[in-house]
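Enquirer: Just so we're aligned: the sequence shown equals residues 18 to 135 in our numbering.
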Amino acid sequence: MEKFHPENDHDICQSYFLTICRYTMENPFLSSLLSTPHGNDLFEKMLTMLHHYVTATTSSARPGRHTKEEISYVITCAIGSTIGVLHKWTRDNFDLAPEVIAGILTQIFLSGMLPLLS
Numbered sequence: 018m019e020k021f022h023p024e025n026d027h028d029i030c031q032s033y034f035l036t037i038c039r040y041t042m043e044n045p046f047l048s049s050l051l052s053t054p055h056g057n058d059l060f061e062k063m064l065t066m067l068h069h070y071v072t073a074t075t076s077s078a079r080p081g082r083h084t085k086e087e088i089s090y091v092i093t094c095a096i097g098s099t100i101g102v103l104h105k106w107t108r109d110n111f112d113l114a115p116e117v118i119a120g121i122l123t124q125i126f127l128s129g130m131l132p133l134l135s
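1) Could you give the distance in angstroms between the alpha-carbon of I96 and the alpha-carbon of Y70?
2) Could you give the residue range of the alpha helix (DSSP H) that holds G101?
3) Here's a check: name, in chain order, each residue in its chain whose Cβ is nearer than 6 Å to the Cβ of M18, leaving out the five neighbours to either side.
4) Select from G120, L131, T107 the residue whose C-alpha is nearest the C-alpha of L50.
5) So, at 6 Å on beta carbons, what are the nonlocal neighbours of S48 in its own chain, with the 5 sequence-adjacent residues on each side left out?
6) Which residue from D112, L103, S98 puts its Cα closest to that of G129?
7) Between I118 and C38, is the Cβ-Cβ spacing less than 7 Å?
8) Among C94, L122, P132, L133, whose alpha-carbon lies nearest the alpha-carbon of L67?
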């Protein structure tokens with residue numbers, strides 16, 4: 018990361034999602050949990066953590082174009098869609114390169130989520 022000098026939101030997002038993809042690919046325990054429905058305990062804990070994170074984040078958000086409820090749904094969607102993409106990718110045995118998956122996640126975030134958060 019010391020050599021990483023982002024020029025724009027795309028570079029930052031691409032690097033972030035690529036790191037998540039590589040970590041998922043290199044971590045057999047995580048990828049096995051993501052790829053099977055038997056990871057229910059993990060998903061339950063993630064949803065609980067997500068609820069606490071969204072609640073804390075939206076409670077400190079300043080009023081703007083969107084209500085706190087709208088912001089909480091956007092954050093939930095961003096996290097949920099990322100988990101969904103990682104689930105499919107692990108189920109498909111990492112059939113696409115991590116750079117491709119990171120590119121998809123970057124595009125979704127920049128065109129779908131970020132505009133709603135600004």
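Don't be surprised by glycine CBs; every beta carbon is placed ideally from N, CA and C.
Expert: With the given structure in hand:
1) Position 79 of the sequence shown, counted from the first residue, corresponds to residue 96. Position 53 of the sequence shown, counted from the first residue, corresponds to residue 70. If you take the alpha carbons of I96 and Y70, they lie about 11 Å apart.
2) Here residue 101 refers to the residue found at position 84 of the sequence shown. It spans 85-108 - the alpha helix (DSSP H) in which G101 sits, taken as one unbroken run.
3) Sequence index remark: in the sequence shown, residue 18 carries index 1 (1-based). Low confidence applies here, because M18 scores a pLDDT of 42, under 50, leaving its location unreliable; read the following figure in that light. Excluding sequence neighbours, M18 sits near nothing in its chain.
4) Here residue 50 refers to the residue found at position 33 when the sequence shown is read from its first residue. For the residues G120, L131, T107, the minimum Cα distance to L50 belongs to T107.
5) Within the sequence shown, numbered from 1, the residue matching residue 48 stands at position 31. T41, T107, listed in sequence order.
6) The residue you call residue 129 lines up with position 112 of the sequence shown. Per the Cα distances, S98.
7) Taking the sequence shown and counting its residues from 1, the one referred to as residue 118 is at position 101. Taking the sequence shown and counting its residues from 1, the one referred to as residue 38 is at position 21. Yes, the Cβ-Cβ distance between I118 and C38 is below 7 Å.
8) One-based indexing of the sequence shown puts residue 67 at position 50. Closest by alpha carbon: C94.
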